[in-house]
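In what follows, a single structure is set out as structure tokens and then discussed.
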Amino acid sequence: MLSNIIQLWLAILFFICPYLTAKNLSLESRINPPARELMDVEVIGNLLIVPGNLDGYDFYDISVPNDPQHITNFQVPMNNNRSLPGFWVCATDSFAYFTSRSKGSGSAIVDISDPDNPINSGYLDLNGNSDLILEGLDINDSILAVAAHDDGVLIYNIENPTYPSLISQVYCGNAWDVELDSSLLIVGSGEDGVKFFD
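For the sequence shown, my numbering gives the first residue as 2, with consecutive numbering after it.
In structure tokens form, the structure reads like this:
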């Protein structure tokens with residue numbers, strides 16, 4: 002008898018509750034960029050930016066959600082005729098910040114005010130440390146937070162978006178990704194879980 006009651010509650014929990022709490026989401030469209038490893042996307046208005054690892058960054062017009070249109074593929078030049086691998090992106094209305102796990106110049110600042118013609122405007126100043134591995138990033142107002150793996154989180158002032166100034170470094174262990182709001186820095190810290198800083 003107890004077994005039947007437990008089974009009934011499990012059925013209600015797993016099969017009926019999702020229908021009562023669903024947000025009425027439906028698949029509008031699907032795109033399949035050529036990238037081998039998609040880890041992030043960014044939406045700014047009707048612009049979708051998809052980092053595509055070694056295949057650069059794909060820009061899409063998503064003003065018609067069931068018919069996204071590819072605008073361009075953008076590759077950030079690096080040394081030795083290679084492009085910056087694309088893993089992470091965060092953007093404002095006019096600028097996108099890319100990071101890539103590559104030691105050295107593993108970042109890019111890109112002017113996206115004309116999505117048909119993105120322009121590489123530079124890179125993040127790492128304060129002379131070329132061994133940083135940059136991961137996820139987030140923007141809140143004029144502050145950019147960048148996960149720097151073993152080196153914690155780098156905090157930039159981006160009031161001048163082409164020349165962000167490094168204002169702080171939060172040492173927190175293994176920072177893979179960040180979320181930033183007006184009063185909290187939340188860090189995805191690998192095996193150390195999620196850490197909160199205010």
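Think of the CB as a built atom: it goes at the ideal place given N, C-alpha and C, for glycine as much as any other residue.
Remember, predicted model here, so these are calculated numbers, not experimental data.
Out of curiosity, what's the CA-to-CA distance linking residue i and residue j?
i, j, result
"Leu-1", "Gln-70", "Absent from the structure is residue 1, since the part of the chain shown begins at 2 and ends at 199."
"Val-44", "Ala-149", "23 Å"
"Gly-174", "Asp-152", "7 Å"
"Leu-125", "Ser-64", "31 Å"
"Val-147", "Asp-68", "32 Å"
"Trp-177", "Pro-165", "21 Å"
"Ile-168", "Ile-144", "9 Å"
"Thr-73", "Val-51", "11 Å"
"Asn-141", "Glu-160", "11 Å"
"Phe-197", "Leu-133", "22 Å"
"Asn-201", "Asn-158", "The requested residue 201 does not occur in the structure, where the chain is confined to residues 2 to 199."
"Val-154", "Val-171", "5 Å"
"Asp-117", "Asp-199", "39 Å"
"Tyr-58", "Gln-76", "6 Å"
"Val-179", "Asp-41", "12 Å"
"Leu-186", "Gly-194", "14 Å"
"Asp-62", "Leu-39", "18 Å"
What is the DSSP secondary structure of residue i, reduced to helix, strand or coil?
i, result
"Gly-123", "strand"
"Gly-87", "strand"
"Glu-192", "helix"
"Val-77", "coil"
"Asp-142", "coil"
"Ser-42", "One detail in the question is off: residue 42 reads as Val in this sequence, not Ser. Val-42 falls in the coil class under three-state DSSP."
"Pro-69", "coil"
"Asn-47", "coil"
"Tyr-1", "The chain is shown only over 2 to 199; residue 1 falls outside these bounds and no answer can be derived."
"Ile-187", "strand"
"Pro-52", "strand"
"Leu-135", "coil"
"Thr-100", "strand"
"Ala-148", "strand"
On the premise that residue j lies in contact with residue i, defined as a C-beta separation below 8 Å, what is that separation, rounded to the nearest angstrom?
i, j, result
"Pro-86", "Ser-108", "With 8 Å as the limit, Pro-86 and Ser-108 do not qualify as a contact, their Cβ atoms being about 11 Å apart."
"Ala-92", "Ile-110", "Between Ile-110 and Ala-92 the Cβ distance is about 11 Å, and since that is not below 8 Å, they are no contact."
"Trp-89", "Gly-137", "5 Å"
Run the CB neighbour count on residue i, radius 10 Å, all protein chains shown included, and call it buried at 16 or more, exposed below.
i, result
"Ile-156", "buried"
"Leu-49", "buried"
"Leu-135", "buried"
"Asp-139", "buried"
Three CB pairs or more closer than 8 Å across the stretch 52–59 and the stretch 187–194:
no
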